[in-house]
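Q:
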Amino acid sequence: VKLYNLSDDGLIRLWTGALMQIHLQHLFSGLDNTPDAQDSLSEQISGYTEWRSPGTPAVSVGWDWTLRIHTHRARSMTTCQRQGLPRSNLMLLDAQGRDLGLDNTSLYLAQWVDVHAARNCTQGGLPWQHEILTKYAPRMDYSPAAQL
Amino acid sequence: MTALYGQFAQSAPTLEAALAAYRYQVFVERLKWDVPTDGTSERDQFDRLDTVYVLTRGTDGQINGCARLLPTTRPYLLAEVFPELLNGMPVPCSDDVWELSRFAAMDLNAPLTNGQGQMSSPVAVDLLRASIECAAQYGARRLITTSPLGVERLLRRAGFNAHRAGPPKMVHGYPLYACWIEVQNNLNHSIQSAQAAKHVAH
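In order, the protein sequences belong to chains A and B.
Using the working numbering, the letters of the first sequence map in sequence onto residues 7 to 154.
Using the working numbering, the letters of the second sequence map in sequence onto residues 27 to 228.
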């Protein structure tokens, strides 16, 4: 059974409850900076990540992120956080089937992205932080000088 | 900043030539796009006599932004080259839907900084407002764009009413996406912003 269709305005309309049944797959992620900046190590980097559902039409959601090194008592830890609100082709609907609006949809998606980040795909999760950390944490500069 | 728009190939060929040279410097020299060129100017098959252009100029009179508007009732970039960006939707073909492409706001006298790409706010915001006003003059109700993904951030930050048409796609190493922009909603928003600015100025 199809969960959704594409509306004439190019948006996919979806009940908020049905969002949990959408399984997004990682499409690609990238860095914000120009190619020369990507070659150097840094204590903070930022970028974007894109996810989509299988098939056509596809649900498409993307958002920005920041990787930061935090140091406490000579121990370093890298955190990956969402920055700003997600961008998508979704329009979520309330219980009466009314559009929530693009801004409210983005707010709802932000919560969804954060809540599902800790689960893997088989658990209906959205392991985006794992994707970003795996790909970009090796580019971080963990040297003491970078922490000053 | 001043904004101009029109069918320059018919009404202002010198301006059209200057715009093609600006596009060459932006898209070929700076952004390294693989697009048709004669070595000094950039035009493709969608630069026709009926093509509508929008440009902005800085206080020094130099072009610092450009955009191209095409009616979807005639051949246009998204329909001919990137229809897959529409996420399965039939390509638009309507008098009130226009395509916005070759959008760039770049001061060529300023050094290229990290992350600037083809977007230098606030010129980009002014250019987009001028493009929407121009499109409205030609009867557009909605705009569809093929743009680098970074444009989506600009639209969001500047408060434009716009949304992606579907998933982005990597083309020559750069993410591209299609975006819908509502003309009337954004015109109202521009008027409100301008009124608020006037109010503050007084």
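For every residue, glycine included, the Cβ atom is placed at its ideal position computed from N, Cα and C.
Since we're looking at a predicted model, the values are computed, not measured.
(1) So the candidates are B:His215, B:Pro101, B:Leu153 and B:Asp70; which of them puts its Cα closest to the Cα of aspartate 133 of chain B?
(2) What would DSSP say about aspartate 121 of chain B, mapped onto helix, strand or coil?
(3) Can you find a CB in chain B that lies within less than 9 angstroms of the CB of tyrosine 54 of chain A?
(4) Spell out the partners DSSP gives serine 66 of chain A in its beta bridges.
(5) Does DSSP put glutamate 49 of chain A in a helix, a strand or coil?
(6) In the DSSP output, what is lysine 195 of chain B paired with across the bridge?
(7) Is the separation between the beta-carbon of glycine 192 of chain B and that of histidine 215 of chain B shorter than 9 angstroms?
(8) Under the assumption that arginine 69 of chain B contacts proline 62 of chain B (Cβ atoms under 8 angstroms), give the Cβ distance between them as a whole number of angstroms.
(9) Would you say glutamate 125 of chain B lies against chain A (beta-carbon separation less than 9 angstroms)?
(10) Would you grab the beta carbon distance between leucine 108 of chain A and histidine 198 of chain B for me? Rounded to a whole angstrom, and I think it's under 8 angstroms.
(11) Mind checking if leucine 95 of chain B is an interface residue toward chain A, Cβ cutoff 9 angstroms exclusive?
(12) Using CA atoms only, rank isn't needed, just tell me which of A:Ala24, A:Gln117 and A:Leu37 is closest to threonine 55 of chain A.
(13) What did DSSP end up calling glutamine 87 of chain A once you bin it into helix, strand or coil?
(14) So is the beta-carbon of phenylalanine 72 of chain B under 8 angstroms away from any non-hydrogen atom of the ligand ZN?
(15) From which residue to which residue does the alpha helix (DSSP H) around glycine 176 of chain B run?
(16) For the alpha helix (DSSP H) that contains tyrosine 79 of chain B, what are its first and last residues?
A: Per the coordinate set shown:
(1) B:Leu153
(2) coil
(3) yes
(4) A:Arg58
(5) coil
(6) B:Leu202
(7) no
(8) 7 angstroms
(9) no
(10) Contact flag wrong, Cβ pair sits at about 30 angstroms.
(11) no
(12) A:Leu37
(13) strand
(14) You won't find the ligand ZN in this model; it holds no ligand whatsoever.
(15) 176 to 184
(16) Here tyrosine 79 of chain B belongs to no alpha helix (DSSP H); instead the beta strand (DSSP E) covers 78 to 83.
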